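Enquirer: Take this structure first; my questions come after.
4 protein chains.
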Amino acid sequence: MNFASDNVTGASAPILDALVQANAGAMPAYGEDPLTASLTARFREVFEHPELAVYPVATGTAANALALAAMVPPYGLCLCHAQAHVTTDECGAPEFFTHGAKLAHLPGTGARIDPGALEAALARLPRSVHRMPAHALSLSQASEAGLVYAPEAVARLSGIARRHGLTVHMDGARLANAVARLGCRPAEITWRAGVDVLSFGASKNGALAAEAIVVFRPDLADSIAYRRKRAGHLLSKGRLLAAQLHAYLADDHWLANASHANRLADRLARGLRAVAGVRLAWPVEANEVFPILPVRLARGLRAGGAVFYDWPTESLAPGESVGEDEVLVRLITAFSTPEAEVDALLALARDSA
Amino acid sequence: MNFASDNVTGASAPILDALVQANAGAMPAYGEDPLTASLTARFREVFEHPELAVYPVATGTAANALALAAMVPPYGLCLCHAQAHVTTDECGAPEFFTHGAKLAHLPGTGARIDPGALEAALARLPRSVHRMPAHALSLSQASEAGLVYAPEAVARLSGIARRHGLTVHMDGARLANAVARLGCRPAEITWRAGVDVLSFGASKNGALAAEAIVVFRPDLADSIAYRRKRAGHLLSKGRLLAAQLHAYLADDHWLANASHANRLADRLARGLRAVAGVRLAWPVEANEVFPILPVRLARGLRAGGAVFYDWPTESLAPGESVGEDEVLVRLITAFSTPEAEVDALLALARDSA
Amino acid sequence: MNFASDNVTGASAPILDALVQANAGAMPAYGEDPLTASLTARFREVFEHPELAVYPVATGTAANALALAAMVPPYGLCLCHAQAHVTTDECGAPEFFTHGAKLAHLPGTGARIDPGALEAALARLPRSVHRMPAHALSLSQASEAGLVYAPEAVARLSGIARRHGLTVHMDGARLANAVARLGCRPAEITWRAGVDVLSFGASKNGALAAEAIVVFRPDLADSIAYRRKRAGHLLSKGRLLAAQLHAYLADDHWLANASHANRLADRLARGLRAVAGVRLAWPVEANEVFPILPVRLARGLRAGGAVFYDWPTESLAPGESVGEDEVLVRLITAFSTPEAEVDALLALARDSA
Amino acid sequence: MNFASDNVTGASAPILDALVQANAGAMPAYGEDPLTASLTARFREVFEHPELAVYPVATGTAANALALAAMVPPYGLCLCHAQAHVTTDECGAPEFFTHGAKLAHLPGTGARIDPGALEAALARLPRSVHRMPAHALSLSQASEAGLVYAPEAVARLSGIARRHGLTVHMDGARLANAVARLGCRPAEITWRAGVDVLSFGASKNGALAAEAIVVFRPDLADSIAYRRKRAGHLLSKGRLLAAQLHAYLADDHWLANASHANRLADRLARGLRAVAGVRLAWPVEANEVFPILPVRLARGLRAGGAVFYDWPTESLAPGESVGEDEVLVRLITAFSTPEAEVDALLALARDSA
């Protein structure tokens, strides 16, 4: 009963198969192979964008940090939510790749940026050489706490950003979960809503290690190829990443995987809400569930073999709070989570309550 | 007949099998999995060193640049051969990871550093704040031009470096080929000969994407874990790299692969030398052959389907030169090169001569 | 009536004289001149520390950022107050010089760090490669809002920092004002209280452009000479900085200047408090006064020719607040402020009230 | 008899006077003072360029490195002469300010870039992500060895650079000496000949510490204000730099100073050439003399109190060489060198020969 992360699994069967298939034969090194070459057309199709550029990399940290390095000069600010993965969990990767740019923090329930707070922060920024000027906004879709931005929400934030001259980055480590939840086209919550550069995640949703930087504004793409090589993120055997990404997109495998994970998160949430003393900190909109549990119940679940993390309470909605005998936790479902495992956890919860 | 690089192949069968095996089941993310955990013991065994630390990464560029970042401060110099991969082919990765350190170039035939030149360069360096102080020496084993340093040669260079207060890095992208050629123990040409940090390569010799930074001096290891995460080189699914490295080391698979490649390089060299008008720029000591060919012959080989690169003539021995009608080229054999392919190339050469 | 900053004046007469004197004759360049050479002995005397090292630079930004670069690795955290100059007013200089380290913010009234908050922040920091590890604490003496740390207060914060393995930096842009106010020996609030590296300010208190990085821990000094040269902060004519610093320290000129500024700040505070509707946001402990004024009064002062800045209200004590019709402002006195100018401002205030 | 450097003197009388004058009264801090504000108009006049931007800084290292940071991305190459000051004597300042860009070296007698070598180097650079792409050319006017580029020579090099998409930087630490020697207008050897950004030196020719970054292409100026602040090179009391630069330009003081230094260099060269066994390594075109002396003579000069440096022989013209009993040395004259001192050295030389 491992609900700790969507990174604890291996690759999905179709993706593993694709890897094995792609292993045979000689292919040019360093991304000049035919599998990598055909990725561009594939992504242009999926995102309905005739000019986008794609740069596969092996990790989400690399995708985010390379994207931001192309968007923010060393002396610039990038605004993001105070709980965004880029600022809390990447050991300063954006600071490294941008050569010392700074992440400025915005508030918002469930790690989703509040548009009013963004507007206020940008209005407050003085234009002076003593302060670093804002250059980009980074959104996480889904948010670090499993909330989703609808197309209009993305457009609203992007609109504010653009009026202040910022470019817009989307950390899409869980983009698939958001697209599956919203039932929208990928274009709608990305470039059509004002996103300039997307970190397109696959590793959390079926790949072994594959992400893609998707650049919707050709002028921002210029430096990424050099920066990627220089950062050691151009794999010599490009087929490794390309094969995974092709299989991920084929036959909507990515959306099927995400739908499964989302559905199980719903099932988990529904079941937990029915347990006495349990409430959700905020709604489930992707594949993550954030219940506030009696401490005793959390202990019971862990004793019964369930694995999950405690979660900081800073993302709570105004007015919401966690009592002395309670704890906020995070449960994540993945493409590979069996329904039976969810049901086992729920049974355990009912027993421990 | 692809002799362009040892990167044009996929993974060897045992390594691919290991990948598929390791795919099943839940494992902790970010290198906390049991496969990764057991790598340290495995490398300590192979290198007969009780305290070494191992950091797997996906690319040789990352291994080299992270190693150098731990060894050279932003204001320091790293000495290396003028044709070393770190300085010619990594788009400034060492400069990026070290935050602006400089690579200073040393001469030597076949991209192997001349000890006298190293001694002279270090003697010449003034100690003054106007110049960047030398902090490390980087050797490539085998060299970028396929020459090997015997244990005494490594020890001699390391000795000079140490007397001037430098630490010693070895770029072992083709370490297996060197070990197989020399018939020595891995320890003998690394830490016992004075190497502090090793980039241990596997991708060119059977892995799909796997290298390891091997740190023989515990005090130098301190920063690498943070630097690796920050550079986006800590994979979320650590099993990908660990499974490859375990299979690579198991049953001396790495040495068997390298021996095959070396043997075919010898066969290729022997055959080419017998062709009229062909001579070798320097001996074959690993899996790379550098013949000087009549231009007409090179053209004939390519017309016949052989793939290989021209090579710059700066690495030639003093006195050696390439005539107007000649060209220096590089032919690489890999663990997967069929003997028949070498023989086909040789037949073609004899026909084209 | 310029109370905008202690940077609006030129040099004091003794310092200007020293500059003119030092101009004559040939001296070795790049800090090898006798004036620079004798600075070390002078600072060792003033700080009663037999081993300190001194690096003169022209700006406080350079002093702070070079000091932090020697103390914090690129992947490390430096803790400081959320309103500290290093994090709000230097356009990311620490991020630039440290190559991407991060400043983490602590709260506290009047820009003075609350020890409990420091303790809590350090206790909360997880030891994980996903987070940047804390390496240094930076204190401002006097604080950005003119509060002073007594020797015991410095020692308490340093003690917490050390227990967590951090080194301690002091931004002493207004150290003279603090020493003059506390009536203590310079050693007492610096190295004897646990400070490892000090940015010793002179430009705000009589110099034209001169600061010194004072390193009390020899092992931390190693890299500063190279970093300073590399940052363009080693002046070719070292006499410029050295002459100012010698004159600054001679005959306690620095303390006389600071005492004057402090005394006038007291006079200003006393006078303002007597004006109806005016209160101080926090006590005056150096040369800065932070009154909360009726908006109408602030307008009147400016109409009458007084120059000063509004100040953000984030530094207010818990429970304190600024009303709708009020504004928090900052008034600074300098070594050169005439008493008559203070009195003129007070008369204007009484007239405008 | 100090001929070691043009940095061994203080400020010239008019510049020192200007400093003293500018010291009085309150002025806005951080370059918002009227003296700094009027610098732009002054430089536009002197350089006959209606749109140039000026950024004063205290050191030539800062001027060069900030200029290059605005011109070369972190992954880019800057081409310069192998003996250029930026690459040999600034402890890696360009690498620091550009965040890891690389300086690629060009040959040429007397540290003056050979146009053929530039053309060849640019033609040879492969366009590949494995190599850093060339972004800028840096020329030194006068060269590190005292040679001057005539307007056509600058234009020729700039033309080659531009055809390859590079921008052009001029290190004008001794621009005054070049302008005085060539008798041309400052515009002719700078922007009219294709220079985009100029490091305009004053410290070696009469100022105490003052240089200016002069940007002829407005689009390249965007980032310099932020980079300068971030690097600690925005002085709080801007009058210090502005006063020096105004006095430097007033009444052609800069050219008068340079003409004096040049004239004395000529006198020195003429006198030395007449001494038996002495020849010049290359002509005197600015204020530096590079004689090849019998070792015995060099020793005699030093014994007699003359101060000067030995010089590396790498800049010698092809075919030229320094014999076993000879040494190449550098003698520099400054705005303040008395004619009598030159004559004393010559007398000493004649006595020692």
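Protein chains in written order, with the working numbering: chain A, 506 to 858; chain B, 506 to 858; chain C, 506 to 858; chain D, 506 to 858.
Where is the CB? At the ideal position from N, CA and C, for every residue including glycine.
Only a predicted model underlies this, so the values are computations on that prediction, with no experimental measurement involved.
Between the segment 729-742 of chain B and chain C, which residues of the former have CB atoms less than 9 Å from a CB of the latter, in chain order?
Expert: If the cut-off is 9 Å between Cβ atoms, the segment 729-742 of chain B has A730, Y731, R732, R733, K734, R735, L739 near chain C.
Enquirer: Where F508 (chain B) and V812 (chain B) are concerned, what is the direct C-alpha to C-alpha distance, given to the nearest angstrom?
Expert: Each residue's Cα considered, the two are about 5 Å apart.
Enquirer: From C:A822, C:C596, C:E600, C:W816, pick the residue whose C-alpha is nearest to that of P788 (chain C); which is it?
Expert: Considering only alpha carbons, the answer is C:A822.
Enquirer: What does F813 (chain B) reach in chain D if we use C-beta pairs closer than 9 Å?
Expert: Result: empty, since nearest Cβ-Cβ is about 17 Å, beyond 9 Å.
Enquirer: Using alpha carbons as the reference points, say which of B:R547, B:G776, B:A622, B:D756 lies closest to A666 (chain B).
Expert: Of B:R547, B:G776, B:A622, B:D756, the residue nearest in Cα terms is B:A622.
Enquirer: H604 (chain C) touches chain B at which residues, Cβ-Cβ below 7 Å?
Expert: Under the 7 Å cutoff, chain B gives P579, H604.
Enquirer: In or out: Q526 (chain D) buried (at least 16 other Cβ within 10 Å) or exposed?
Expert: Label assigned to Q526 (chain D): exposed.
Enquirer: Our contact map puts A567 (chain C) next to K742 (chain D) with C-beta atoms below 8 Å; I'd like the distance itself, whole angstroms only.
Expert: Not quite, the Cβ-Cβ distance comes to about 14 Å (not below 8 Å), so this is no contact.
Enquirer: In terms of residue numbering, what span does the alpha helix (DSSP H) encompassing P539 (chain C) cover?
Expert: Its alpha helix (DSSP H) spans residues 539-542.
Enquirer: Using a Cβ cut-off of 8 Å, pull out every chain D residue sitting near C585 (chain C), in sequence order please.
Expert: Within chain D, no residue comes near C585 (chain C); the closest Cβ sits about 17 Å away, beyond 8 Å.
Enquirer: Suppose the cutoff is 6 Å on Cβ atoms and the five residues either side in sequence are ignored; what does the same chain contact list for A730 (chain B) look like?
Expert: Nothing listed; no residue qualifies.
Enquirer: Can you tell me which of the three DSSP states V783 (chain D) falls into?
Expert: Three-state DSSP puts V783 (chain D) in coil, outside helix and strand.
Enquirer: Once you ignore the five residues that flank Y535 (chain D) on each side, which residues in its own chain have a CB closer than 7 Å to its CB?
Expert: Taken in chain order, the residues that qualify are L739, S741, G743.
Enquirer: Drop a sphere of 10 angstroms on the beta-carbon of S517 (chain D), count the other beta-carbons inside from all chains shown, and report buried for 16 or more, exposed for fewer.
Expert: By the neighbour-count rule (16 or more Cβ atoms within 10 Å), S517 (chain D) is buried.
Enquirer: Grouping DSSP H, G and I as helix and E and B as strand, with all else coil, what is V827 (chain D)?
Expert: Three-state DSSP puts V827 (chain D) in coil, outside helix and strand.
Enquirer: Of all Cβ atoms in chain B, is any one closer than 8 Å to the Cβ of H554 (chain C)?
Expert: Output row for H554 (chain C): interface = no.
Enquirer: What's the gap between the Cα of A717 (chain B) and the Cα of L703 (chain B)?
Expert: A717 (chain B) and L703 (chain B): Cα-Cα distance of roughly 8 Å.
Enquirer: On the DSSP bridge list, what partners appear for A639 (chain C)?
Expert: DSSP lists C:L582 as partners of A639 (chain C).
Enquirer: Would you say H751 (chain A) touches the ligand ZN, meaning its beta carbon is less than 7 Å from a heavy atom?
Expert: This structure simply doesn't include the ligand ZN, nor any ligand for that matter.
Enquirer: Could you name the residues of the same chain whose beta carbon sits closer than 7 Å to that of D750 (chain A), not counting the 5 residues immediately before and after it, in chain order?
Expert: For the sequence presented, residue 750 (chain A) should be read as Leu rather than Asp. Taken in chain order, the residues that qualify are L544, P561, A707, A715, A717.
Enquirer: Helix, strand or coil, according to DSSP, for P656 (chain C) in the structure here?
Expert: P656 (chain C): helix per DSSP, three-state reduction.
Enquirer: Are there 16 or more other CB atoms within 10 angstroms of the CB of S826 (chain A), so buried, or fewer, so exposed?
Expert: Exposed: under 16 other Cβ atoms inside 10 Å.
Enquirer: May I ask which residues mark the beginning and end of the beta strand (DSSP E) holding A704 (chain C)?
Expert: First, the amino acid is wrong: residue 704 (chain C) is Ser here, not Ala. First-last of the beta strand (DSSP E) with S704 (chain C): 702-706.
Enquirer: What does G597 (chain D) touch in chain C if you count any residue whose Cβ is under 7 Å from its own?
Expert: Near G597 (chain D) (Cβ distances below 7 Å), the residues of chain C are R735.
Enquirer: Just checking, does the segment 593-610 of chain B make contact with the segment 767-783 of chain A on the three C-beta pairs under 8 Å criterion?
Expert: The segment 593-610 of chain B vs the segment 767-783 of chain A: no contact.
Enquirer: Quick check: what's the CA-CA separation for L773 (chain C) versus A523 (chain D)?
Expert: L773 (chain C) and A523 (chain D): Cα-Cα distance of roughly 34 Å.
Enquirer: Assuming contact is defined by CB atoms lying nearer than 8 Å, are C583 (chain B) and S663 (chain B) in contact in what I supplied?
Expert: Contact: no.
Enquirer: Determine the extent of the alpha helix (DSSP H) in which D594 (chain B) is found, giving its start and end residues.
Expert: Here D594 (chain B) belongs to no alpha helix (DSSP H), and DSSP marks it neither H nor E.
Enquirer: State yes or no: is the C-beta of E829 (chain C) within less than 8 Å of the C-beta of I797 (chain C)?
Expert: Result no, Cβ atoms of E829 (chain C) and I797 (chain C) do not sit closer than 8 Å.
Enquirer: Are three or more beta carbon pairs between the segment 667-679 of chain C and the segment 629-642 of chain C nearer than 8 Å?
Expert: At 8 Å Cβ cutoff, the stretches touch.
Enquirer: Going by DSSP, name the residue or residues bridged to P796 (chain D).
Expert: In DSSP, P796 (chain D) forms a bridge with D:L785.
Enquirer: Please name the residues in the segment 537-566 of chain A whose beta-carbon is closer than 8 Å to at least one beta-carbon of chain B, in chain order.
Expert: Under the 8 Å Cβ criterion, the segment 537-566 of chain A contributes V562, A563, T564, G565, T566.
Enquirer: For A712 (chain D), collect the residues of the same chain with a Cβ closer than 7 Å to its Cβ; drop the 5 residues on either side in sequence, then sort them by chain order.
Expert: A516, I520, Q749, Y753.
Enquirer: Tell me, please, which residues DSSP counts as bridged to M675 (chain A).
Expert: For M675 (chain A), which the question treats as bridged, DSSP gives the partners A:L644, A:L703.
Enquirer: For P817 (chain D), which residues in chain A fall below 8 Å Cβ to Cβ?
Expert: None at all; the shortest Cβ gap to chain A is about 32 Å.
Enquirer: Start and end of the beta strand (DSSP E) containing A717 (chain C)?
Expert: Per DSSP, A717 (chain C) belongs to the beta strand (DSSP E) from 716-720.
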